[in-house]
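**Student:** Protein chains in written order, with this note's numbering: chain A, 559 to 909; chain B, 559 to 909. One structure, pasted below without further comment.
Protein chains: 2
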Amino acid sequence: MRATLLHGAHDVRLEDVPDPVLQLPTDAIVRVTAACVCGSDLWGYRGVRPVKEPRRVGHELVGVVEEVGSQVTSLRPGDFVIAPFALGDGTCAHCRNGIWTSCVRGAAWGAPDKDGLLVDGAQGEYVRTPFADANLVATPGLPDDALVPSLLTLSDVMGTGHHAAVSARVGPGSTVVVVGDGAVGLCAVLASRRLGAARVIAMSRHADRQAIAREFGATDIVAERGAEGAAVVRDLLDGVGADAVLECVGTRESMEQALDVTRPGGYVGYVGVPAGGPELPIGTMFSGNLNVAGGVAPVRTYLPELLAEVLDGTINPGRVFDLEVPLGQVGEAYAAMDERRAVKSLLRPQA
Amino acid sequence: MRATLLHGAHDVRLEDVPDPVLQLPTDAIVRVTAACVCGSDLWGYRGVRPVKEPRRVGHELVGVVEEVGSQVTSLRPGDFVIAPFALGDGTCAHCRNGIWTSCVRGAAWGAPDKDGLLVDGAQGEYVRTPFADANLVATPGLPDDALVPSLLTLSDVMGTGHHAAVSARVGPGSTVVVVGDGAVGLCAVLASRRLGAARVIAMSRHADRQAIAREFGATDIVAERGAEGAAVVRDLLDGVGADAVLECVGTRESMEQALDVTRPGGYVGYVGVPAGGPELPIGTMFSGNLNVAGGVAPVRTYLPELLAEVLDGTINPGRVFDLEVPLGQVGEAYAAMDERRAVKSLLRPQA
Numbered sequence: 559m560r561a562t563l564l565h566g567a568h569d570v571r572l573e574d575v576p577d578p579v580l581q582l583p584t585d586a587i588v589r590v591t592a593a594c595v596c597g598s599d600l601w602g603y604r605g606v607r608p609v610k611e612p613r614r615v616g617h618e619l620v621g622v623v624e625e626v627g628s629q630v631t632s633l634r635p636g637d638f639v640i641a642p643f644a645l646g647d648g649t650c651a652h653c654r655n656g657i658w659t660s661c662v663r664g665a666a667w668g669a670p671d672k673d674g675l676l677v678d679g680a681q682g683e684y685v686r687t688p689f690a691d692a693n694l695v696a697t698p699g700l701p702d703d704a705l706v707p708s709l710l711t712l713s714d715v716m717g718t719g720h721h722a723a724v725s726a727r728v729g730p731g732s733t734v735v736v737v738g739d740g741a742v743g744l745c746a747v748l749a750s751r752r753l754g755a756a757r758v759i760a761m762s763r764h765a766d767r768q769a770i771a772r773e774f775g776a777t778d779i780v781a782e783r784g785a786e787g788a789a790v791v792r793d794l795l796d797g798v799g800a801d802a803v804l805e806c807v808g809t810r811e812s813m814e815q816a817l818d819v820t821r822p823g824g825y826v827g828y829v830g831v832p833a834g835g836p837e838l839p840i841g842t843m844f845s846g847n848l849n850v851a852g853g854v855a856p857v858r859t860y861l862p863e864l865l866a867e868v869l870d871g872t873i874n875p876g877r878v879f880d881l882e883v884p885l886g887q888v889g890e891a892y893a894a895m896d897e898r899r900a901v902k903s904l905l906r907p908q909a
Numbered sequence: 559m560r561a562t563l564l565h566g567a568h569d570v571r572l573e574d575v576p577d578p579v580l581q582l583p584t585d586a587i588v589r590v591t592a593a594c595v596c597g598s599d600l601w602g603y604r605g606v607r608p609v610k611e612p613r614r615v616g617h618e619l620v621g622v623v624e625e626v627g628s629q630v631t632s633l634r635p636g637d638f639v640i641a642p643f644a645l646g647d648g649t650c651a652h653c654r655n656g657i658w659t660s661c662v663r664g665a666a667w668g669a670p671d672k673d674g675l676l677v678d679g680a681q682g683e684y685v686r687t688p689f690a691d692a693n694l695v696a697t698p699g700l701p702d703d704a705l706v707p708s709l710l711t712l713s714d715v716m717g718t719g720h721h722a723a724v725s726a727r728v729g730p731g732s733t734v735v736v737v738g739d740g741a742v743g744l745c746a747v748l749a750s751r752r753l754g755a756a757r758v759i760a761m762s763r764h765a766d767r768q769a770i771a772r773e774f775g776a777t778d779i780v781a782e783r784g785a786e787g788a789a790v791v792r793d794l795l796d797g798v799g800a801d802a803v804l805e806c807v808g809t810r811e812s813m814e815q816a817l818d819v820t821r822p823g824g825y826v827g828y829v830g831v832p833a834g835g836p837e838l839p840i841g842t843m844f845s846g847n848l849n850v851a852g853g854v855a856p857v858r859t860y861l862p863e864l865l866a867e868v869l870d871g872t873i874n875p876g877r878v879f880d881l882e883v884p885l886g887q888v889g890e891a892y893a894a895m896d897e898r899r900a901v902k903s904l905l906r907p908q909a
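As structure tokens, this is what we get:
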């Protein structure tokens with residue numbers, strides 16, 4: 559089959575690799591019908607994280623079950639499924655607590671699992687999925703193709719934006735600020751409105767992203783950044799700050815921006831992969847009772863709840879995709895996001 | 559009147575100072591009947607925080623209202639009152655959000671208020687209290703003297719331990735670890751059991767404090783510290799870690815200890831005044847979904863709820879006091895805590 563490998567900075571290649579086969583009785587083989595490029599994939603692509611040797615990439619996918627192991631009971635060939643970006647066994651204490659990302663037998667797309675067996679990257683034609691019963695969530699019947707982009711967001715960005723909102727305790731009447739206007743930030747806007755937020759201020763400098771933020775329910779857009787942006791936000795919130803601030807970037811500057819507009823006793827819900835150094839300013843947090851919650855999103859936990867609303871049309875997070883290309887053009891999918899020509903690129907591995 | 563001043567390292571002095579008088583119509587003058595020394599007072603006493611010029615000290619007190627300003631409506635001379643360690647106006651947005659410690663017109667004992675008028679320190683015979691209606695909580699009638707130590711803890715340590723527990727979302731069935739066996743840590747044990755925790759592991763190396771922790775409801779005591787302590791705690795919790803870890807010290811080591819025994823998705827509730835540097839390890843927090851909540855405790859918010867249980871005998875946090883001296887021996891009150899001969903010292907300004 560064909561799969562994407564990252565070779566180094568600005569060097570992704572589609573290559574022929576072995577077709578995956580069932581390795582364990584709890585595995586399933588999935589034919590990937592849609593995958594995508596994540597903001598976090600750009601770190602390797604941009605050389606921020608050096609690439610030691612070529613590796614499989616991609617961690618967001620939907621597809622059709624091709625084959626199941628002998629112990630898989632809830633899935634059968636032909637099922638349309640959504641896969642979370644982090645894989646768990648579904649039975650350990652952490653999975654039972656809802657934190658699948660900390661599963662003791664957890665696995666990640668594109669890397670060997672705890673048994674040392676490769677789990678294929680999502681940016682390819684097929685994947686072997688460990689603990690298939692636990693991880694894959696099937697839709698009732700084959701979904702309409704128009705729903706595929708939204709279903710694909712449940713693999714990562716919509717669940718991640720939702721995690722930011724849940725971690726920051728967004729609820730009915732909340733005032734919310736979203737820092738970051740990438741796909742996750744935009745989904746955080748949608749998640750906040752869905753949870754009942756009264757006010758959602760999206761910080762964004764790009765007209766195309768501002769438009770999606772408004773569609774997703776942002777009540778205000780703030781284009782300024784830094785101290786100036788914080789002043790504008792605080793003015794909008796009567797000088798008090800926001801109940802919940804969703805940090806969807808991961809840099810030191812974005813976290814400072816977030817803490818700067820949180821009201822005393824409020825929450826920063828953060829899901830941006832930390833790239834800005836290992837520190838949070840505990841002195842500032844302490845004096846203002848600024849709480850910091852979140853982390854790598856356990857999207858599997860949220861999948862059933864969000865899936866129901868995608869299927870009935872209540873939410874349409876797939877709007878974050880503004881480029882769609884066949885797998886053969888994966889290089890363009892990366893380049894467009896890297897150059898900010900696209901918010902998020904969708905790949906069609908079977909096209 | 560006599561009041562305590564901190565002159566420098568290991569140098570507290572009882573001195574004659576002007577009697578406080580009503581300065582504003584919202585003030586009350588309170589005759590202090592019991593005050594105490596706080597763990598945080600030891601920082602100045604030990605020279606960790608340099609003393610630029612002699613200053614009034616003490617921020618925990620109960621007493622009897624002596625005189626009220628013309629706009630004070632809920633209090634009258636003779637009322638027995640408890641004062642929170644941080645003073646607010648009770649009406650600003652932050653006070654209404656329950657975070658009195660961030661009041662826009664907030665004041666602290668022993669320092670000038672926003673009008674530049676001195677608010678006396680609590681370790682003295684009398685204090686001027688700004689926004690008396692808002693800050694002072696009266697008991698129904700004069701309480702039995704045996705209740706005074708417990709009532710005094712509502713001024714700070716019991717409310718602070720409670721804030722740690724509430725911030726860490728302790729509730730029915732929670733597994734809890736308390737880091738720190740000072741008065742706040744011990745009160746955090748009591749607060750956790752009161753909130754329904756199923757398991758409360760107190761980390762303590764001192765037999766006298768271990769005994770109080772057990773009295774307050776600790777189910778387990780762990781005397782080990784650091785990596786060894788973390789291993790023992792994790793063993794007690796089936797390798798999973800605790801739902802809630804209450805950090806009641808404020809050093810870098812104690813925060814590391816706390817994060818090290820928190821389960822993925824769990825909360826560190828921290829109330830120790832940060833003394834170990836400005837940083838929290840966001841990478842560790844992110845990968846394990848370790849949430850950090852808390853800060854300087856808005857004890858005024860919790861006072862009515864906790865007061866009811868002190869008055870009816872449900873909780874007896876006053877057990878943390880193991881030394882009681884007249885104000886004239888304030889030096890001994892400090893020295894005993896500094897030398898760890900006492901957990902917490904109670905002062906009787908009228909004795």
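Ideal placement from N, C-alpha and C gives every residue a C-beta, glycine not left out. Just so it is clear, the structure is predicted and the values come from calculations on it, not from any experiment.
Between the alpha carbons of D673(A) and T584(A), how many angstroms are there, rounded?
**Tutor:** The residue labelled residue 673(A) in the question sits at position 115 within the first sequence. The residue labelled residue 584(A) in the question sits at position 26 within the first sequence. Taking the straight line from one Cα to the other gives about 13 Å.
**Student:** Using C-beta distances below 8 Å, list every residue in its chain close to P822(A), excluding the 5 sequence neighbours before and after it, in chain order.
**Tutor:** Counting from one through the first sequence, the residue named residue 822(A) turns up at place 264. So the list reads G799, G846, N847 and L848, once near-sequence residues are dropped.
**Student:** For R783(A) and T711(A), what's the separation of their Cα atoms in angstroms?
**Tutor:** The sequence position of residue 783(A) within the first sequence is 225, counting from 1. The sequence position of residue 711(A) within the first sequence is 153, counting from 1. Each residue's Cα considered, the two are about 27 Å apart.
**Student:** For chain B, is any of its Cβ atoms less than 9 Å away from the one on R821(A)?
**Tutor:** In the first sequence, counting from the first residue as 1, residue 821(A) sits at position 263. Yes - at least one Cβ of chain B is within 9 Å of the one on R821(A).
**Student:** For V878(A) versus L744(A), is the C-beta spacing smaller than 9 Å?
**Tutor:** By one-based count along the first sequence, residue 878(A) stands at place 320. By one-based count along the first sequence, residue 744(A) stands at place 186. The answer is yes: Cβ separation under 9 Å.
**Student:** Based on DSSP bridge pairs, tell me the residues matched to L645(B).
**Tutor:** The residue labelled residue 645(B) in the question sits at position 87 within the second sequence. L645(B) is bridged to A665(B).
**Student:** Which stretch, first to last residue, makes up the beta strand (DSSP E) that contains A851(A)?
**Tutor:** As a position in the first sequence, residue 851(A) is number 293, starting the count at 1. That run of the beta strand (DSSP E) goes N849 to G852.
**Student:** Among all the DSSP beta bridges, which residues are the ones paired with S903(A)?
**Tutor:** Here residue 903(A) refers to the residue found at position 345 when the first sequence is read from its first residue. Answer is L881(A), bridged to S903(A).
**Student:** Using CA atoms only, rank isn't needed, just tell me which of A690(A), V579(A) and N874(A) is closest to D773(A).
**Tutor:** As a position in the first sequence, residue 773(A) is number 215, starting the count at 1. As written in the sequence, residue 773(A) is Glu, which differs from the Asp given in the question. Among A690(A), V579(A) and N874(A), the Cα nearest to that of E773(A) is on N874(A).
**Student:** Does E625(A) come out as helix, strand or coil in the three-state DSSP assignment?
**Tutor:** Against the first sequence, residue 625(A) aligns to sequence position 67. Looking at E625(A) - three-state DSSP - the assignment turns out to be strand.
**Student:** Give the DSSP-derived three-state secondary structure of H652(B) in the structure shown.
**Tutor:** Translated into the one-based positions of the second sequence, residue 652(B) becomes position 94. Three-state DSSP puts H652(B) in a helix.
**Student:** If the cut is a Cβ gap below 7 Å, which residues of chain A does I657(B) touch?
**Tutor:** On the second sequence, residue 657(B) is found 99 positions in, with the first residue counted as 1. Neighbours of I657(B) on chain A, chain order: P822, G823 and N847.
**Student:** Exposed or buried, R767(B), counting other C-beta atoms within 10 Å across all chains shown (16 or more means buried)?
**Tutor:** In the second sequence, residue 767(B) corresponds to position 209, counting from 1. Burial call: buried.
**Student:** Could you tell me which residues DSSP puts in a beta bridge with A800(A)?
**Tutor:** Working through the first sequence from its first residue, we reach residue 800(A) at position 242. DSSP, once it has assigned bridges, lists T820(A) as partnering A800(A).
**Student:** Please name the residue in D691(B), G729(B), V606(B) and G876(B) whose C-alpha comes closest to that of R858(B).
**Tutor:** Residue mapping note: residue 858(B) aligns to position 300 of the second sequence, counting from 1. Comparing Cα positions, the closest option is D691(B).
**Student:** Measure the CB-CB distance between W667(B) and H617(B) and report whether it falls below 9 Å.
**Tutor:** Taking the second sequence and counting its residues from 1, one reaches residue 667(B) at position 109. Taking the second sequence and counting its residues from 1, one reaches residue 617(B) at position 59. Result yes, Cβ atoms of W667(B) and H617(B) sit closer than 9 Å.
**Student:** With a cut-off of 8 Å on the beta carbons, I'd call L633(B) and V639(B) a contact; round off their distance for me.
**Tutor:** Counting from one through the second sequence, the residue named residue 633(B) turns up at place 75. Counting from one through the second sequence, the residue named residue 639(B) turns up at place 81. Indeed they touch by this definition, with Cβ atoms about 7 Å apart.
**Student:** Is the beta carbon of V620(A) sitting closer than 9 Å to the one on A833(A)?
**Tutor:** For this step, residue 620(A) is matched to residue 62 along the first sequence. For this step, residue 833(A) is matched to residue 275 along the first sequence. Their beta carbons are not under 9 Å apart, which means V620(A) does not touch A833(A) by this criterion.
**Student:** In this structure, does DSSP put M559(A) in helix, strand or coil?
**Tutor:** In the first sequence, the residue the question calls residue 559(A) occupies position 1. Three-state DSSP puts M559(A) in coil, outside helix and strand.
**Student:** Looking at the secondary structure, which residues open and close the alpha helix (DSSP H) in which R858(A) lies?
**Tutor:** The residue given as residue 858(A) occupies position 300 in the first sequence. Unbroken alpha helix (DSSP H) run through R858(A): V857 to L869.
**Student:** Tell me the residue span of the beta strand (DSSP E) that contains R634(A).
**Tutor:** Taking the first residue of the first sequence as position 1, residue 634(A) is located at position 76. Premise fails: R634(A) is in no beta strand (DSSP E) and is neither H nor E.
**Student:** Quick one, which of P839(B), Q815(B), I587(B) and V706(B) has its alpha-carbon nearest L694(B)'s?
**Tutor:** Indexing the second sequence from 1 puts residue 694(B) at position 136. Considering only alpha carbons, the answer is I587(B).
**Student:** Could you check which residue in V575(A), F844(A), L905(A) and G731(A) has the C-alpha nearest to that of D678(A)?
**Tutor:** Locating residue 678(A) in the first sequence gives position 120, where the first residue counts as 1. Out of V575(A), F844(A), L905(A) and G731(A), V575(A) has the C-alpha closest to the C-alpha of D678(A).
**Student:** Nearest by alpha-carbon distance to R899(A): which of D647(A), D880(A) and D671(A) is it?
**Tutor:** Taking the first sequence and counting its residues from 1, one reaches residue 899(A) at position 341. Residue D880(A) is the option with its Cα nearest to R899(A).
**Student:** Give me the chain B residues within the contact set of M843(A), using Cβ-Cβ distance strictly less than 7 Å, ordered along the chain.
**Tutor:** Looking up residue 843(A) in the first sequence gives position 285. Going along chain B in sequence order, the residues near M843(A) (Cβ under 7 Å) are G853.
**Student:** Around the Cβ of E811(A), are there at least 16 other Cβ atoms within 10 angstroms (buried) or fewer (exposed)?
**Tutor:** The residue you call residue 811(A) lines up with position 253 of the first sequence. E811(A) comes out exposed.
**Student:** If E683(B) sits next to M559(B), beta carbons under 8 Å apart, how far is it from one beta carbon to the other, in whole angstroms?
**Tutor:** The count along the second sequence starts at 1 and reaches residue 683(B) at position 125. The count along the second sequence starts at 1 and reaches residue 559(B) at position 1. At roughly 4 Å, the Cβ-Cβ gap stays under 8 Å, so E683(B) and M559(B) are in contact.
**Student:** Using only CA atoms, which one of D599(A), L676(A) and V579(A) lies nearest to G627(A)?
**Tutor:** One-based indexing of the first sequence puts residue 627(A) at position 69. Checking every option, the nearest Cα to that of G627(A) belongs to V579(A).
**Student:** Smallest Cα separation from Q681(A): which of V868(A), D599(A) and K610(A)?
**Tutor:** Reading the first sequence from its first residue, position 123 is the one you call residue 681(A). Per the Cα distances, D599(A).
**Student:** Under three-state DSSP, which class holds V737(B)?
**Tutor:** In the second sequence, residue 737(B) corresponds to position 179, counting from 1. Three-state result, V737(B): strand.
**Student:** From the DSSP output, read off the bridge partner residues of T687(A).
**Tutor:** In the first sequence, counting from the first residue as 1, residue 687(A) sits at position 129. Note: T687(A) sits in a beta bridge opposite A586(A).
**Student:** Which residues bound the alpha helix (DSSP H) around E773(B)?
**Tutor:** As a working note, residue 773(B) is residue 215 in the second sequence. Counting along the chain, the alpha helix (DSSP H) containing E773(B) begins and ends at A765 to E773.
**Student:** Can you tell me whether I840(A) is helix, strand or coil according to DSSP?
**Tutor:** Numbered from 1 along the first sequence, position 282 holds the residue referred to as residue 840(A). In the structure shown, I840(A) sits in a helix (DSSP, three-state: H, G or I).
**Student:** Measure the C-alpha to C-alpha separation of L794(B) and E611(A) and round it to an integer number of angstroms.
**Tutor:** Mapped onto the second sequence, residue 794(B) falls at position 236. Mapped onto the first sequence, residue 611(A) falls at position 53. Their backbone Cα atoms lie some 41 Å apart in a straight line.
**Student:** Are L780(A) and M761(A) touching if we call contact CB-CB under 9 Å?
**Tutor:** Translated into the one-based positions of the first sequence, residue 780(A) becomes position 222. Translated into the one-based positions of the first sequence, residue 761(A) becomes position 203. One detail in the question is off: residue 780(A) reads as Val in this sequence, not Leu. Contact flag set, yes.
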